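Q: Chains as they are written, first to last, in my numbering: chain L, 1 to 197; chain X, 1001 to 1197. The beta carbon of each residue, even a glycine, is placed where N, CA and C say it ideally should be. These numbers were taken from a predicted model, which means no experiment stands behind them.
There are 2 protein chains.
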Amino acid sequence: MVLAAATSKGVATHGAIVERAIGLVRKQGLESLSIGSVAQAATMSKSGVFAHFGSREDMQLAVLDAVAEDFSQRVLAPAFRQPRGLKRLRAIVSNWMEWAHDGCPMIAATIEYDDRPGVIRDRVVYWQRRLREALARAVELAVEAGELRADIDPEQVAFELFGIVLVLHHDSHLFGATDAIARATRAFDRLFASHAN
Amino acid sequence: MVLAAATSKGVATHGAIVERAIGLVRKQGLESLSIGSVAQAATMSKSGVFAHFGSREDMQLAVLDAVAEDFSQRVLAPAFRQPRGLKRLRAIVSNWMEWAHDGCPMIAATIEYDDRPGVIRDRVVYWQRRLREALARAVELAVEAGELRADIDPEQVAFELFGIVLVLHHDSHLFGATDAIARATRAFDRLFASHAN
DNA sequence: TGCAAAATAGTACGAACGTGCTATTGTAGC
DNA sequence: GCTACAATAGCACGTTCGTACTATTTTGCA
């Protein structure tokens, strides 16, 4: 099987397909992503789309990786331009809140595949573990900067940070709650304050 | 259209079908619930299952309601036998942690349908709003009992409680984390402690 | 500018989907 | 036990699915 991504146009089309697919995933979830629906969204034939990935599953993986890359660029990268410590940590959660408020396909994929073994689940686990580690590391740096108490458990704080983002995502999308970001901000503030030095 | 639930056997079969369906939903999600898969799980014909609900969507709604009823019986009802206040609140989150650790189809449905308008989404919103109100009410009672400070916002506390359960569910199922309940317990303790009187 | 290869389309297949219609089996009151 | 009806099965339909195979168009390099 030869995939279609050797010429410049091929690469461009590949990116365009993935972009359209992400749009579909945001509305319908990763599992409902079909070759046919992506082809329609990209105004291409089913075979044309298929040739770019080789299988539906590999297309889903490509979309998942693209989402992770997008998250990294929009949420983590800007925050890493802030100095280590609470300032960077606050930048992460601030960018992350915007991201979650707009809808996060990775969170959706997490729920869809958390009990369904396979390569997609494995990929989701991989990205979520990396994110959690990055969070715990950012907390650690805030401890080293003397801004958070030394006796806290970074993984526990990362755990609780994640929970706040999850409920923000939940309320924003299910309830259409306009005050969800404000509530999440209050929760973050309380969390940081109770661990402050 | 005449639904099949007039005789005693009909009612029994209806319940058995829903029970099997809940098993499938726990593994695959509500959206992937098909007449065919439920029929196979219940060792019945497609038409036999279909006759009990009239449509796939109504079957999904029946399953959703059954899950909500189950949650009410297992999580809320036992806690309501505890006295109002922190004791009842702790009973709720304790039962709820067990429930989430075992897997909650309602959380899965929330993600699956949060951006997909329709009667299923409406039903999910209904149940989640009721749960959130019950939580806020339980917090209010703890304030009235003098166990939590009077200046707290019960809805904010309910928001944060929900977040902790979401991340507990996430870590239990995606990571298979055995320490998720312990972490959630610590988070609850910190939350209650920071609002204690 | 021609030619090889890449990119895309066309078509076909078997399977599963929801749901209508009709036939058969089972139940419950007389 | 007969009868009316409930419960379940069987079958057929149009659609969509993933993917294999073949044909056609487009690209990039000599």
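1) Below 9 Å on C-beta distance, what does VAL1124(X) contact in chain L?
2) Report yes if the CB atom of ALA1100(X) is closer than 7 Å to the CB atom of HIS1169(X), and no otherwise.
3) Please determine whether the Cβ atom of ALA1041(X) lies at a distance below 6 Å from any heavy atom of the ligand FMN.
4) Quick one: grab the DSSP three-state call for LEU191(L).
5) So for LEU1024(X), helix, strand or coil by DSSP?
6) Tell me the rounded alpha-carbon separation between ALA955(X) and HIS1173(X).
7) Using 10 angstroms around the beta-carbon of GLN73(L), count the other beta-carbons present and answer buried if the total reaches 16, otherwise exposed.
8) Which residues in chain X have a C-beta closer than 8 Å to the C-beta of VAL167(L)? List them in chain order.
9) Alpha carbon to alpha carbon, what distance is there between ALA1180(X) and SER1194(X)?
10) Threshold first: 4 residues or longer. Then list the alpha helix (DSSP H) segments lying entirely within the region 1104–1183 of chain X, N to C.
11) Could you list which residues in chain L have their beta carbon closer than 9 Å to that of HIS1170(X), in chain order?
12) To the nearest angstrom, how far is it from the Cα of PRO1078(X) to the Cα of ARG190(L)?
13) Sorted by chain position, which residues of the same chain lie with C-beta nearer than 8 Å to THR7(L)'s C-beta, five sequence neighbours on each side aside?
14) Starting from the Cα of THR1043(X), find the closest Cα among GLU1057(X), ALA1138(X), GLY1176(X) and ARG1020(X) and give me that residue.
15) Is DSSP giving ALA42(L) helix, strand or coil here?
16) By the DSSP assignment, the alpha helix (DSSP H) with ASN1198(X) in it spans what residues?
17) For the alpha helix (DSSP H) that contains ALA1066(X), what are its first and last residues?
18) May I have the straight-line CA-CA distance separating ASP1114(X) from LEU30(L), to the nearest angstrom?
19) Report the rounded CA-to-CA distance for ALA1109(X) versus GLU112(L), giving the unit in angstroms.
A: In this structure, then:
1) LEU174
2) yes
3) The ligand FMN is absent from the structure shown, which contains no ligand whatsoever.
4) helix
5) helix
6) Because chain X is modelled from 1001 through 1197, residue 955(X) falls outside the range shown and cannot be assessed.
7) exposed
8) PHE1159, GLU1160, PHE1162, GLY1163 and LEU1166
9) 21 Å
10) 1105–1113, 1119–1144 and 1154–1170
11) ILE107, THR110, ILE111, ASP114, GLN128, PHE162, GLY163 and LEU166
12) 31 Å
13) none
14) ARG1020(X)
15) coil
16) Residue 1198(X) is absent from the structure shown; chain X starts at 1001 and stops at 1197.
17) 1056–1071
18) 14 Å
19) 9 Å
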